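Structure, as structure tokens:
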Amino acid sequence: MQHIKTELKVDQVYLSYPYLVTFADEATNVYEIQSSSLQHVTSLSQTITGYIREGAIIIDPSRDALIIVQSNVFVFNLHDGQLQKTLTLFGTLTDAPILYDRGRVLVTLSDETDEDGEQKEDFWILSCNPFDLEPAGYSFLTQIRRPCTDKHMLYNHVLSSHEGGVVVGQHTSFTNQPLKLHYWSPEGQPYDDSLPPAYTVDIPITLPEGNAIEARYAASIDDDCFALCTVEAQLGVLDGPGVHQSVIRTLSLPSLDILWTAQAIDGQVNHVYHLRSEGIVLAIGTVSERNDSNGGDANNATWIVALDVEHGERRQFTKFNHRNIGKELVRCSLTTSATEEGEVTVSDEPDIVFITSGGDVAKVSVSKFLEEGLPSDEFGALEIAQSAGIQLKDVSRLTLSRRASISQQSVVVLDDGGVVSVFTW
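Residue numbers (the working numbering): 6 to 430.
This is the structure in structure tokens:
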């Protein structure tokens with residue numbers, strides 16, 4: 006593993022090998038990783054400032070495009086940095102994931118309106134198409150309206166089908182109600198009161214004392230099936246063992262029939278992937294193993310599970326308690342790459358990569374994890390690159406996506422001083 010030390014000092018980074026995008030008040034720059042150095046490609050014609058959420062930076066090699074989503078959708082040329090198109094978003098971006106599908110940026114927006122003296126909140130799942138429409142514009146995938154009094158009912162875009170249909174999660178909190186999963190076919194768009202979803206299924210809360218459920222992440226398996234990970238929670242209590250639970254299921258498209266349900270995992274999922282070559286669904290998450298119900302150290306652990314894609318049985322599971330291994334894991338995910346269509350997928354011969362608050366970067370191949378497993382709390386079994394002088398102590402969940410990014414055979418991190426380091430292998 007090679008450590009490329011730089012003198013770049015920035016506020017945020019994004020890595021899609023071989024391209025590295027850096028954000029600072031002075032400029033937004035694109036670099037290319039070449040051998041043992043970074044080569045400057047271009048500076049964007051418009052500097053992008055402010056927080057950019059995870060999933061809101063997209064590199065599409067086939068369109069030579071760098072796309073950045075804030076209150077606008079900006080499309081820059083990847084190699085000369087010129088701003089090509091801007092689409093202004095109405096409403097407010099929700100916390101739902103931003104997805105990219107063959108040139109379309111898919112976002113979930115909300116806004117409050119007044120209808121006959123009653124405050125309503127509209128949710129839109131919007132397809133922003135800067136490439137195939139002239140002029141660049143939008144199409145509505147769904148529009149849903151609810152009374153503002155129903156503050157505990159939220160909607161988010163879960164998945165787009167190959168045919169252009171859309172799966173939407175209607176989740177609730179503090180209500181003990183199941184998650185409702187809806188599917189709108191392409192013919193049922195845009196949604197209105199006369200065009201209800203083609204299919205709806207209820208996903209129950211199974212966590213004892215649980216009072217909330219959310220569709221957290223999904224991964225396409227094929228044109229007719231996808232994996233969905235829900236997170237159930239007991240809200241209003243201190244996080245600890247048994248407070249959150251993650252459940253992975255596979256469902257059919259478009260009917261949303263549940264094909265299998267895996268054994269529940271204590272904690273919250275952070276990533277879910279389908280690895281076709283290995284025949285698995287792999288998920289990574291975290292759990293608080295705090296023993297003191299009155300507060301104190303969260304005593305976090307990171308877990309990894311591999312499930313057979315056909316039946317949902319566990320093929321491997323491991324967990325690293327941060328206190329037991331003497332290292333705080335600030336990020337753990339699979340290596341990914343961008344297809345020619347710009348879709349972020351699991352890379353060939355993927356690795357599971359760990360980044361610690363002490364600046365260590367460690368990895369293990371997925372194939373080795375499946376064949377040999379990883380003993381829980383034995384961090385020394387991984388290939389580790391010690392990175393002297395790098396500290397990532399001041400990392401919260403809100404700043405994590407700004408400070409660390411993982412791509413194909415490469416990692417970039419910002420230390421607490423904002424200095425960029427790149428690791429390749």
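No residue lacks a Cβ here, since even glycine has one placed at the ideal position from N, Cα and C. As the structure is a prediction and not an experimental result, all values here were calculated from the model.
Residue from the options with nearest C-alpha to residue i
i, options, result
"residue 243", "302, 430, 413 and 258", "302"
"residue 191", "60, 62, 204 and 182", "204"
"residue 325", "56, 337 and 67", "337"
"residue 54", "36, 72, 32 and 46", "32"
"residue 349", "13, 86 and 103", "103"
"residue 216", "249, 408 and 207", "249"
"residue 329", "386, 304 and 210", "304"
"residue 297", "430, 245 and 26", "245"
"residue 366", "174, 415, 160 and 188", "415"
"residue 321", "284, 12 and 352", "284"
"residue 180", "210, 170, 202 and 10", "210"
"residue 28", "426, 407 and 340", "407"
"residue 202", "26, 260 and 247", "260"
"residue 101", "44, 70 and 129", "129"
"residue 70", "351, 26, 30 and 352", "26"
Separation of residue j from residue i, as counted between CA atoms
i, j, result
"residue 384", "residue 132", "43 Å"
"residue 306", "residue 124", "43 Å"
"residue 182", "residue 218", "8 Å"
"residue 95", "residue 76", "8 Å"
"residue 17", "residue 167", "33 Å"
"residue 277", "residue 373", "19 Å"
"residue 238", "residue 294", "15 Å"
"residue 380", "residue 46", "43 Å"
"residue 375", "residue 48", "42 Å"
"residue 363", "residue 280", "30 Å"
"residue 6", "residue 119", "58 Å"
"residue 357", "residue 310", "12 Å"
"residue 347", "residue 122", "45 Å"
"residue 61", "residue 262", "31 Å"
"residue 359", "residue 127", "39 Å"
"residue 271", "residue 90", "44 Å"
"residue 171", "residue 223", "12 Å"
"residue 173", "residue 421", "38 Å"
"residue 289", "residue 388", "19 Å"
"residue 34", "residue 214", "49 Å"
"residue 395", "residue 368", "18 Å"
Beta-carbon proximity list for residue i, same chain, < 6 Å, skipping 5 on both sides
i, result
"residue 252", "235 and 269"
"residue 225", "231"
"residue 99", "113 and 115"
"residue 267", "253, 312 and 317"
"residue 134", "109"
"residue 355", "339, 340 and 371"
"residue 206", "186 and 261"
"residue 430", "6 and 414"
"residue 93", "77"
"residue 292", "271, 272 and 306"
"residue 323", "309, 379 and 381"
"residue 169", "191"
Neighbourhood of residue i by C-beta, 8 Å cutoff - its chain only, sequence neighbours within 5 removed
i, result
"residue 230", "255, 256, 257, 258 and 264"
"residue 199", "In this prediction, residue 199 scores a pLDDT of 49, lower than 50, which makes its location untrustworthy; no coordinate-derived value is stated."
"residue 39", "23"
Beta-carbon proximity check, residue i vs residue j, cutoff 7 Å
i, j, result
"residue 412", "residue 22", "yes"
"residue 106", "residue 165", "yes"
"residue 66", "residue 345", "yes"
"residue 314", "residue 286", "yes"
"residue 428", "residue 8", "yes"
"residue 175", "residue 160", "yes"
"residue 63", "residue 72", "yes"
"residue 14", "residue 418", "no"
"residue 19", "residue 410", "yes"
"residue 178", "residue 240", "yes"
"residue 162", "residue 111", "yes"
"residue 24", "residue 37", "yes"
Cβ shell of residue i (< 7 Å), same chain only, five flanking positions each side left out
i, result
"residue 88", "50, 51, 79 and 81"
"residue 136", "68 and 108"
"residue 361", "332, 333, 334 and 335"
"residue 208", "183, 184, 186, 218 and 235"
"residue 10", "426"
"residue 221", "234, 235, 236 and 274"
"residue 382", "325, 326, 329 and 330"
"residue 41", "7 and 9"
Any non-hydrogen atom of the ligand NAP closer than 6 Å to residue i Cβ
i, result
"residue 207", "The ligand NAP is not among the ligands present in this structure, which contains no ligands whatsoever."
Min CB distance residue i to chain B below 7 Å
i, result
"residue 290", "Here chain B cannot be found, since the structure has a single protein chain."
Inset, instruction - For the segment 273-331, list the alpha helix (DSSP H) runs that are entirely contained and at least 4 residues long, ordered along the chain. - result: 327-330
Inset, instruction - Any chance you could list the beta strand (DSSP E) runs of at least 3 consecutive residues sitting entirely within the segment 51-111, in chain order? - result: 62-65, 70-74, 77-82, 88-93 and 104-106
Inset, instruction - Counting only runs of 3+ residues fully inside the segment 193-241, write out the beta strand (DSSP E) ranges in chain order. - result: If one requires a minimum length of 3 residues, the beta strand (DSSP E) runs lying completely within the segment 193-241 are 204-208, 217-227 and 230-238, in chain order.
Legend entry - Runs of beta strand (DSSP E) wholly within the segment 21-53 (minimum 3 residues, chain order): 24-28, 33-39 and 42-48
Inset, instruction - Identify every run of the alpha helix (DSSP H) within the segment 336-390, keeping only runs that are complete inside it and at least 4 residues long; order them along the chain. - result: If we require 4 residues or more, the alpha helix (DSSP H) runs fully inside the segment 336-390 come out as 371-377.
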